[in-house]
Amino acid sequence: MTPSRTVRADVLVVGGGMAGAMAALSARAAGCEVALVRRAPGATALSSGAVGVAPDLSALPGDPLSWRRGPVESARRLARQRPGHPYAAVGEGLVLLPDALDFAVRALDPLLAPVLERPRFLATPTGEVVAAATCQRAAEPGDLLAVAGPLAVAGLRGHLAFDAALVADGLARHAGRGGPEVRELEVDLPGLDPWARPHELARALEPPGEAERLGERLRAALANGARGAAAVLLPPVLGLSPAARVAERVAAAAGVPVAETLSDVPSVPGLRLQAALEARLARAGVAVLAGELRAPGGAPGDRVEVGDAAILAGSWVLATGRFLGGGLARHGVLAERAMGLPVEAAEGRDSGVHLAARPATSLTVRDRRAPQPLLSAGVRVDPSLRPLDGRGRPVHPRLFAAGALVGGHEHASDGTGLGVAILTGWLAGRAAAARG
Numbered sequence: 082m083t084p085s086r087t088v089r090a091d092v093l094v095v096g097g098g099m100a101g102a103m104a105a106l107s108a109r110a111a112g113c114e115v116a117l118v119r120r121a122p123g124a125t126a127l128s129s130g131a132v133g134v135a136p137d138l139s140a141l142p143g144d145p146l147s148w149r150r151g152p153v154e155s156a157r158r159l160a161r162q163r164p165g166h167p168y169a170a171v172g173e174g175l176v177l178l179p180d181a182l183d184f185a186v187r188a189l190d191p192l193l194a195p196v197l198e199r200p201r202f203l204a205t206p207t208g209e210v211v212a213a214a215t216c217q218r219a220a221e222p223g224d225l226l227a228v229a230g231p232l233a234v235a236g237l238r239g240h241l242a243f244d245a246a247l248v249a250d251g252l253a254r255h256a257g258r259g260g261p262e263v264r265e266l267e268v269d270l271p272g273l274d275p276w277a278r279p280h281e282l283a284r285a286l287e288p289p290g291e292a293e294r295l296g297e298r299l300r301a302a303l304a305n306g307a308r309g310a311a312a313v314l315l316p317p318v319l320g321l322s323p324a325a326r327v328a329e330r331v332a333a334a335a336g337v338p339v340a341e342t343l344s345d346v347p348s349v350p351g352l353r354l355q356a357a358l359e360a361r362l363a364r365a366g367v368a369v370l371a372g373e374l375r376a377p378g379g380a381p382g383d384r385v386e387v388g389d390a391a392i393l394a395g396s397w398v399l400a401t402g403r404f405l406g407g408g409l410a411r412h413g414v415l416a417e418r419a420m421g422l423p424v425e426a427a428e429g430r431d432s433g434v435h436l437a438a439r440p441a442t443s444l445t446v447r448d449r450r451a452p453q454p455l456l457s458a459g460v461r462v463d464p465s466l467r468p469l470d471g472r473g474r475p476v477h478p479r480l481f482a483a484g485a486l487v488g489g490h491e492h493a494s495d496g497t498g499l500g501v502a503i504l505t506g507w508l509a510g511r512a513a514a515a516r517g
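Per our numbering, the very first residue in the sequence shown carries number 82; after that it's consecutive.
#1: In the DSSP assignment, what are the bridge partners of G236?
#2: Does R411 come out as helix, strand or coil in the three-state DSSP assignment?
#3: Expressed to the nearest angstrom, what Euclidean distance is found between the alpha-carbon atoms of V94 and G402?
#4: Leaving out five residues on either side along the sequence, give the residues of the same chain with a beta carbon under 7 Å from the beta carbon of V214.
#5: Rounded to whole angstroms, what's the CA-CA distance from L192 to R238? Just pull it up for me.
#6: With a 10 Å radius around its C-beta and 16 neighbouring C-beta atoms as the bar for buried, classify S128 as buried or exposed.
#7: Which residue comes first and which comes last in the alpha helix (DSSP H) that contains R330?
#8: For G366, count the other beta carbons within 10 Å of its own beta carbon; 16 or more makes it buried, fewer makes it exposed. Which is it?
#9: In chain order, what residues of the same chain lie with their CB nearer than 6 Å to the CB of A185, ignoring the 5 residues before and after it?
#10: Between A458 and the rest of its own chain, which residues show a CB-CB distance below 8 Å, the 5 nearest in sequence each way excluded?
#11: Using only the alpha-carbon positions, how far apart do L314 and A256 sit?
#12: Does V176 come out as helix, strand or coil in the three-state DSSP assignment?
#13: Within 10 angstroms of its Cβ, does T125 collect 16 or more other Cβ (buried), or is it exposed?
#14: In the DSSP output, what is G251 paired with across the bridge?
#15: If you run the structure through DSSP and keep just helix, strand and coil, what is P475?
#16: Would you list the one or two residues that DSSP bridges to C216?
#17: Exposed or buried, what is V339 when buried is set at 16 or more other beta-carbons lying within 10 Å of its beta-carbon?
#18: Looking only at C-alpha atoms, which of A90, G172, R450, A156 sits nearest to G498?
#19: Just reading off the beta strand (DSSP E) that G395 is part of, what are its end residues?
#20: Give the secondary structure of D91 by DSSP, where H, G and I count as helix, E and B as strand, and everything else as coil.
#21: Note down, one range per segment and in chain order, each alpha helix (DSSP H) of at least 4 residues found wholly within the region 164-209.
#22: What does a CB cutoff of less than 8 Å around G112 pick up in its chain, not counting 5 residues either side in sequence?
#23: Rounded to a whole number of angstroms, what is the C-alpha to C-alpha distance between E221 and P179?
#24: State yes or no: is the C-beta of L141 within less than 8 Å of the C-beta of G208?
#25: Is DSSP giving P136 helix, strand or coil here?
#26: Check this for me: beta carbons of V446 and Q453, under 8 Å apart or not?
#27: If the criterion is Cβ atoms closer than 8 Å, does the pair L232 and C216 meet it?
#28: Just checking my contact of V369 with R119 at CB under 8 Å: how many whole Å lie between their CB atoms?
#29: Could you tell me the distance, in whole angstroms, from the CA atom of P350 to the CA atom of L343?
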C-alpha cells in the first residue's frame, strides 16, 4: 500500500500494552510529539487486575501476611539475586521505580489504587492469595489485610465461571496469618444468563440500575446469611469501562464495601486496563496507528510505514511483547520480529546464549520449577534500555526496548510482569524523549 499521509513525531513507540503506553505517555509528558503503532491487544489485556512488581523471595508459606516485604524493597533484592533480570539491567534506574509506579497510578486515575509500602493481598478465582504492589480499585476493598471484619465471598447463582465455596475455603486458610474470617453465600440475580461469558456479564452490569439491582440483591443475601460482613468479594465481572464505576454503585446499594477477585483468562480486569490505556493515550494526544509496522532494514530517523501512513521519528521504543504480543516469533528458531535483533536467554543453563540459531524446542527443561530459557527469552539491553547486538554494543543510540521484549524474566509467572512493563516503559520513554 502506498502511504497517503506522513506522520512526523519525535518518538515512535511500537506496542500498545502497558509498556508501550507508559513509554508513550512519559515521552509525551516530556513535551514530545509521539506516535504509537499497535497491532492488537496482547498480554496486558489478559492480566488479572493485580499489578505485580516483585515477590518477597525470602517469604515462607506460613509466615504472617504482615511480614512480607514491600514491593520496592523486594524488587531491589530480586535485582541483586538475579543479575539477568530487567530490574538489574536498568542499573541505577531501579531507584526510580516508586516514581514510575506513581506515574502509572496518576496516568490511569481512577483505575488503579495507590501503591502502599506493603503488598496488597488479593484473592484469585481459585482461592489462592496473590501479593501485589497495587491493583485496580475494583479489587482494592478485598485486600485481606484491609478487611476490618468478616469477609463474605458471594457467588452469582447460575454464573458457572465462579465457585464461591472454593474461593472461601482457600481464603479461610489465611485466617491464622492475619487474614479475615471468611463466609460464603450466593446471590440470586433474576435474568442472569448462565452461559454468559465474563465480559458479557460485565457489560450487562454497566447500564443505569443494573449495578444497583445487584447491590440490592446482595444486601438481602447478607441479611439472611452473612450479617456483619465487613466486605464482599464478587466474581471479576464488575464492568468493562472504568467510567461505569460498577463496583462503587454495587457497594452503595449493598451498604458494604464490594470488591472483585482477580481474574483468570479471559480477563475482564485485563480488558478494563487495556481500555483505560487507550483512553489515556487519546487524552494525551498520542497519535495511535493500528497495523503492522513495515520497517525492513530501518532504524530510528528512517521512514517506516503502517497502513496508509508513513512515519518519521528520531527515536524508537520497541514494546512489542514476547510471544502473545508478537515481539518474538518461533519459526523453528526464535527471532525478534520488528528489526531482527539478537534474542538471548538470561537465566538457567542457557544464560547469555544467543538463541536465534537454536531450535525453540530445545529451550525448555523437564523440571517445571527450573528457569525455562524459552520463557525468559528476549533482547538484551544496556542500563539505558538500548538493545545490544551480538557483541554487546548498542544497536542504535536512539533505539530502546521495554516490557516483555526485554529478556531475563518469565513475565507470566515470576510476579514482575506489569512492574517491569511500567518501569522499563517509563524509563524508555524518558530516554527516547531526551534523545529524540
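In this text, a Cβ means the ideal position worked out from N, Cα and C, and glycines have one as well.
With the given structure in hand:
#1: By 1-based counting over the sequence shown, the position of residue 236 is 155. Answer by DSSP bridge pairing, in chain order: E267.
#2: Numbered from 1 along the sequence shown, position 330 holds the residue referred to as residue 411. Of the three classes helix, strand and coil, the one that applies to R411 here is strand, per DSSP.
#3: Your numbering for residue 94 matches position 13 in the sequence shown. Your numbering for residue 402 matches position 321 in the sequence shown. The straight-line gap from Cα to Cα measures roughly 12 Å.
#4: In the sequence shown, counting from the first residue as 1, residue 214 sits at position 133. One point to set straight first is that residue 214 is Ala, not Val, in the sequence displayed. Cβ within range, chain order: V132, G133, V134, P152, L182, V196, P200, G500.
#5: Locating residue 192 in the sequence shown gives position 111, counting from the first residue. Locating residue 238 in the sequence shown gives position 157, counting from the first residue. Approximately 28 Å, taken between the alpha carbons.
#6: To locate residue 128, count along the sequence shown from 1; it is residue 47. S128 should be labelled buried.
#7: Counting from 1 along the sequence shown, the entry for residue 330 is found at position 249. From DSSP, the alpha helix (DSSP H) with R330 extends over 327-335.
#8: Counting from one through the sequence shown, the residue named residue 366 turns up at place 285. Looking at its Cβ environment, which holds fewer than 16 other Cβ atoms inside 10 Å, G366 is exposed.
#9: Working through the sequence shown from its first residue, we reach residue 185 at position 104. Excluding residues up to 5 positions away in sequence, I503 lie with their Cβ nearer than 6 Å to the Cβ of A185 in the same chain.
#10: Mapped onto the sequence shown, residue 458 falls at position 377. Excluding positions up to five away in sequence, the list reads R403, L409, L415, V424, E425, A426, L436, L444, G488.
#11: Mapped onto the sequence shown, residue 314 falls at position 233. Mapped onto the sequence shown, residue 256 falls at position 175. Straight-line Cα distance between these residues: approximately 16 Å.
#12: The count along the sequence shown starts at 1 and reaches residue 176 at position 95. If DSSP states are grouped into helix, strand and coil, V176 belongs with the helices.
#13: Mapped onto the sequence shown, residue 125 falls at position 44. Counting Cβ neighbours within 10 Å, T125 comes out buried, since at least 16 surround it.
#14: As a first step, residue 251 must be located in the sequence shown, where it is residue number 170. According to DSSP, which records beta bridges pairwise, G251 is partnered with nothing at all.
#15: Taking the first residue of the sequence shown as position 1, residue 475 is located at position 394. Judged by DSSP in its simplified three-state form, P475 adopts strand.
#16: In the sequence shown, counting from the first residue as 1, residue 216 sits at position 135. C216 is bridged to A131.
#17: Position 258 of the sequence shown holds residue 339. Per the 10 Å Cβ criterion, buried.
#18: Looking up residue 498 in the sequence shown gives position 417. Checked all of A90, G172, R450, A156; the closest Cα to G498 is A156.
#19: Residue numbering aside, residue 395 sits at position 314 when the sequence shown is read from its first letter. 390-399 is the span of the beta strand (DSSP E), which, as asked, contains G395.
#20: Reading the sequence shown from its first residue, position 10 is the one you call residue 91. Residue state, collapsed to three classes: strand.
#21: If we require 4 residues or more, the alpha helix (DSSP H) runs fully inside the region 164-209 come out as 167-170, 178-188.
#22: For the purposes of this step, residue 112 is identified with residue 31 of the sequence shown, where counting begins at 1. Only A514 meet the Cβ criterion.
#23: Reading the sequence shown from its first residue, position 140 is the one you call residue 221. Reading the sequence shown from its first residue, position 98 is the one you call residue 179. So the two alpha carbons sit approximately 19 Å from each other.
#24: Sequence index remark: in the sequence shown, residue 141 carries index 60 (1-based). Sequence index remark: in the sequence shown, residue 208 carries index 127 (1-based). Not a contact, by the Cβ cut-off of 8 Å.
#25: As a first step, residue 136 is located in the sequence shown; it is residue number 55 there, counting from the start. Coil, per DSSP.
#26: Here residue 446 refers to the residue found at position 365 when the sequence shown is read from its first residue. Here residue 453 refers to the residue found at position 372 when the sequence shown is read from its first residue. Less than 8 Å separates the beta-carbon of V446 from that of Q453.
#27: Position 151 of the sequence shown, counting from 1, holds the residue named residue 232. Position 135 of the sequence shown, counting from 1, holds the residue named residue 216. Cβ atoms of L232 and C216: not closer than 8 Å.
#28: Reading the sequence shown from its first residue, position 288 is the one you call residue 369. Reading the sequence shown from its first residue, position 38 is the one you call residue 119. The pair is a contact, with the Cβ atoms about 7 Å apart (cut-off 8 Å).
#29: Position 269 of the sequence shown, counted from the start, is the residue given in the question as residue 350. Position 262 of the sequence shown, counted from the start, is the residue given in the question as residue 343. Distance between the alpha carbons of P350 and L343 is about 8 Å.
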